[in-house]
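Under my numbering, the letters of the sequence shown match residues 1 to 137, in that order.
Remarks on the structure that follows.
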Amino acid sequence: MKKHTEDMSFSFSRWFRRVSANTPSTFIITVAIIGYAIFLFSGGLYTLIVRPIMVYPAGSTIYFLYPNLSMQFGGDTIITAILYSLGFFGMLSLYQSAKSTSKPKQAYMLLIVGISLLLISYIFIESAINFKITGGA
Numbered sequence: 001m002k003k004h005t006e007d008m009s010f011s012f013s014r015w016f017r018r019v020s021a022n023t024p025s026t027f028i029i030t031v032a033i034i035g036y037a038i039f040l041f042s043g044g045l046y047t048l049i050v051r052p053i054m055v056y057p058a059g060s061t062i063y064f065l066y067p068n069l070s071m072q073f074g075g076d077t078i079i080t081a082i083l084y085s086l087g088f089f090g091m092l093s094l095y096q097s098a099k100s101t102s103k104p105k106q107a108y109m110l111l112i113v114g115i116s117l118l119l120i121s122y123i124f125i126e127s128a129i130n131f132k133i134t135g136g137a
């Protein structure tokens, strides 16, 4: 009986050493941090706490964005998170473009894609903010 408990404690300490020595890759940590930042910047915490409606049907139009800066719909969160993600992928492709200078055609294509994604993200976020400031008019 005594030998069996010693073996269990040895295997537990070996398991603990193995688990504590494992660290997640920097890629996984980076993706988790960026995802968390996008979640916070897009208003995910507000959506979790307040639980607003997703969209508002007003006659023949459907509002995805709340027409005021003081509140937001659930659609605001989703749209903003998608636009921030597009901007992040644009920055990432610009970075990859700068890294692949040995392949000029690939670098040029990545540069065009990155600039396009950044511009799309910026223009739509600015227009959403303008929509909210002007009250949907």
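No residue lacks a Cβ here, since even glycine has one placed at the ideal position from N, Cα and C.
- Scanning its chain for C-beta atoms nearer than 8 Å, with the 5 sequence neighbours on each side dropped, one finds around F73 the residues P52, I53, M54, V55, Y56, Y63, F64, L65 and Y66, in chain order.
- Annotated as distal: Y95 and I38, with beta-carbon spacing of 8 Å or more.
- Bounds of the beta strand (DSSP E) holding Y56 are Y56 to A58.
- When C-beta atoms of the stretch 122-135 are compared with those of the stretch 98-106, fewer than three pairs fall below 8 Å, so the two segments do not count as touching.
- Contact between F88 and I34 is confirmed by a C-beta separation of about 6 Å, below the 8 Å threshold.
- Inclusion of S42 and A81 in the CB contact set at 8 Å is warranted, their separation being smaller than that value.
- Here the alpha carbon of F16 sits roughly 25 Å from the alpha carbon of A32.
- Non-local beta-carbon contacts of R18 in its own chain, meaning distances under 8 Å to residues more than five positions away in sequence, are absent.
- If you look at T101, you'll find it isn't in any alpha helix (DSSP H); DSSP assigns it neither H nor E.
- T23 sits in coil when the DSSP states are folded into three classes, being neither helix nor strand.
- The straight-line gap separating the alpha-carbon atoms of S20 and L40 is approximately 30 Å.
- Going by beta carbons, S100 and L110 fall inside the 8 Å limit.
- A straight line joining the alpha-carbon of D76 with that of T47 spans about 9 Å.
- Counted as a single uninterrupted DSSP element, the alpha helix (DSSP H) harbouring I49 occupies residues G44 to V50.
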